[in-house]
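First up is the structure itself, then whatever we jot down about it.
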Amino acid sequence: MQTIWLGGAEWLAVLRIGLGLWWLESWRHKDRKGWFERGTGIAWAADIAGKHRWGVVRTGFRRVVEPRPKLIAYVVVYAEL
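Listed below in structure tokens is the structure:
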């Protein structure tokens, strides 16, 4: 499909750049003190996982995330970058 200004690959590049800028803006507005020191993000995720209808999600969260909340908080935040 050919458009007036950009081809398919170029539009995908524009979309990828836009998505990257959106994630950077998300990082800029994140409450890093709350996320890392108070564990607000992991507490929110624990609430969601605790109510999940699939037991594997609850069990996985308890086994992987709960024992190391600070590490997982850093993994999540830096994976967003």
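Residues 10 to 90 (this note's numbering) make up the sequence shown, in order.
C-beta: ideal position from N, C-alpha, C; glycine also.
These numbers come from a predicted model, not from an experiment.
query                                                                                                                                                : result
Assuming Leu21 is part of the alpha helix (DSSP H), what are its boundary residues?                                                                  : Gly17 to His38
Indicate whether Ile57 and Val74 have their beta-carbon atoms separated by less than 8 Å.                                                            : no
Mapping DSSP to helix, strand and coil, what is Leu80?                                                                                               : helix
Quick one: residues in its chain with C-beta nearer than 8 Å to the C-beta of Ala55, no 5 flanking neighbours on either side, listed in chain order? : Phe70, Val74 and Glu75
Taking Gly43 as part of the alpha helix (DSSP H), name the residues at either end of that continuous run.                                            : Neither: Gly43 is in no alpha helix (DSSP H) and is coded neither H nor E.
I'd like the list of long-range same chain contacts for Leu15, defined as Cβ closer than 8 Å, with 5 residues on each side in sequence excluded.     : Val23
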